[in-house]
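Right, one structure below, let's go through it.
Chains as they are written, first to last, in my numbering: chain E, 40 to 148; chain S, 151 to 487.
What follows is the structure in structure tokens.
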């Protein structure tokens, strides 16, 4: 039973992953700083999942990235692209509607 | 932690393991980023955990990242399956068509070969065995080539290409196939079966001497020439009678029940197994007609030999078809349970 619950929780979190990441990239972030920022707000994402996800979102045109070599070590910074901002706005609207529906569907704790 | 100390350490080995699984064009970039990210994580860990050796810290960070093959898999743009869901249905359809076409081509070439070589007795079984082996080999090759083509398509077709290939007409639920009720019977067909079986029993047992070809009309009336071999009839008629009586009993029982039941299905299996036995006896035994030379001279030898081959192969295909039917019946019975 525990395994089923864990798998379902994973599925549920996986659905929110992309939205969580996009929401934190209005300002530019590099992989590790983004991971820490999400973790501080309660959204723990495996590094092995987050870093490839950033690449995929960039490939889809939702993020743009650039190398910053001015610091002690080179870092790749990601930020929302114009189409990423558009997608994020649409996703936020959809999410808010979904939350409303789920609040009606689920019994109050 | 000094970055140079990591060159031959776990981190560098890890990055190489991830990198070698990635396409060349993204390898350097991902490796550089991954190195930078791991160093960030190690630095943060150094601040947070004090009583830890550098190696322990590296192990912990790399474990958190995940096994190289898993991380590389997440970076890789190519699909991680041979044929994905978007092409799978088409793949299954094409495999069916290809295997059917291979079977058809082999059947045709085997039949042509048989007419050319005209094997007798055990040679027929050898030819059947060769046919089966050839089919397995040809089917495996065809399956392999089809799979390779689809693997390439999976990796080269874009979503746009697939959209062009898809049927854009709106799906209509009314086009759904009807649910087959395998237990429902066709009463008219069964009655016709019963009548034909009774007719066969009567004809072959009471009027066998009338079963001939009409040759000419004389002053005494129509003169008939008997076609069937008495020797063959003596061998086969008891078997045919048993088979017909079994089929008759089965059809009457099913007609009375209005549906197929487990009992009648089992009885049907018995009839089919007996049919295989009868066909095998006929395959190994004499042909059921009189030698053509007894009524047509020697001019019909080629026709007779051709007819004999056709008869033997009809028995072979009859046996194969009945075995397939038995398999289908058993499968259906198991599924219904």
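Positions of the beta carbon are idealized from the N, C-alpha and C atoms, including for glycine.
Because the structure is a prediction, the values reported are computed rather than measured.
In summary, residue 280(S) is exposed, with fewer than 16 beta-carbon neighbours lying within 10 Å of its beta-carbon over all protein chains present. Taking CB atoms only, residue 238(S) has no neighbour in chain E less than 7 Å away. Annotation: residue 104(E) to residue 296(S) spans about 41 Å, alpha carbon to alpha carbon. Interface criterion met: the Cβ of residue 112(E) is under 7 Å from a Cβ in chain S. Per DSSP, residue 115(E) is one residue of the beta strand (DSSP E) stretching across 114 to 119. Two segments are said to touch when three or more pairs of C-beta atoms, one from each, lie closer than 8 Å; by this definition the stretch 296 to 307 of chain S does not touch the stretch 468 to 487 of chain S.
Leaving aside the five residues that flank residue 177(S) on each side, the residues in its chain whose CB is nearer than 7 Å to its CB run, in chain order, 169. Contact residues of the stretch 66 to 86 of chain E toward chain S are 69, 70, 71, 72, 74, 75, 85, 86 (C-beta to C-beta distance below 9 Å). Counting only runs that start and end inside the stretch 200 to 228 of chain S, there is no beta strand (DSSP E) element of at least 3 residues. In the three-state DSSP reduction, residue 105(E) falls in the strand class (E or B).
Where residue 340(S) is concerned, the enclosing alpha helix (DSSP H) starts and stops at 337 to 356. Considering only 415(S), 440(S), 409(S), 429(S), the residue with the shortest C-alpha distance to residue 359(S) is 440(S). Taking C-alpha positions only, residue 310(S) is separated from residue 304(S) by approximately 13 Å. By the 16-neighbour rule on beta-carbons within 10 angstroms, residue 190(S) is buried. Annotation: Cβ neighbours of residue 115(E) in chain S (cutoff 9 Å, chain order): 179, 182, 183, 186, 187. For residue 238(S), the enclosing alpha helix (DSSP H) has its first and last residue at 235 to 267.
Residue ranges of uninterrupted alpha helix (DSSP H) with 4 or more members, entirely inside the stretch 366 to 439 of chain S and ordered along the chain, are 380 to 407, 412 to 434.
Chain-ordered, the chain E residues with CB closer than 9 Å to the CB of residue 224(S) read 87, 88, 90, 91, 92, 94, 95. Within chain E, not a single residue places a beta-carbon under 7 Å from that of residue 395(S); the smallest gap is close to 58 Å.
By the neighbour-count definition (other C-beta atoms within 10 Å, threshold 16), residue 45(E) is an exposed residue. Taking 7 Å as the cut-off, the Cβ atoms of residue 172(S) and residue 180(S) count as close. With respect to the C-alpha of residue 254(S), the residue from 232(S), 234(S), 282(S) having the closest C-alpha is 282(S). 7 Å or more divides the Cβ of residue 389(S) from the Cβ of residue 417(S). Under the criterion of beta carbons closer than 8 Å, residue 334(S) and residue 409(S) qualify as touching, at roughly 6 Å. Note on geometry: alpha-carbon atoms of residue 482(S) and residue 339(S) lie some 21 Å from one another.
Each of 220(S), 198(S), 204(S), 182(S) was checked against the Cα of residue 112(E), and the nearest Cα belongs to 182(S).
Residue 482(S) carries a helical assignment under DSSP once its states are collapsed to helix, strand and coil.
Look at residue 170(S) here: in three-state DSSP terms it is coil, with no helix or strand label. Chain-ordered, the chain E residues with CB closer than 7 Å to the CB of residue 220(S) read 87. Contacts with chain E at 7 Å (Cβ-Cβ) do not include residue 275(S).
Listed along chain E are 85, 86, 87, 90, each with a C-beta nearer than 9 Å to that of residue 215(S). When C-alpha distances from residue 110(E) are compared across 186(S), 422(S), 351(S), the shortest belongs to 186(S).
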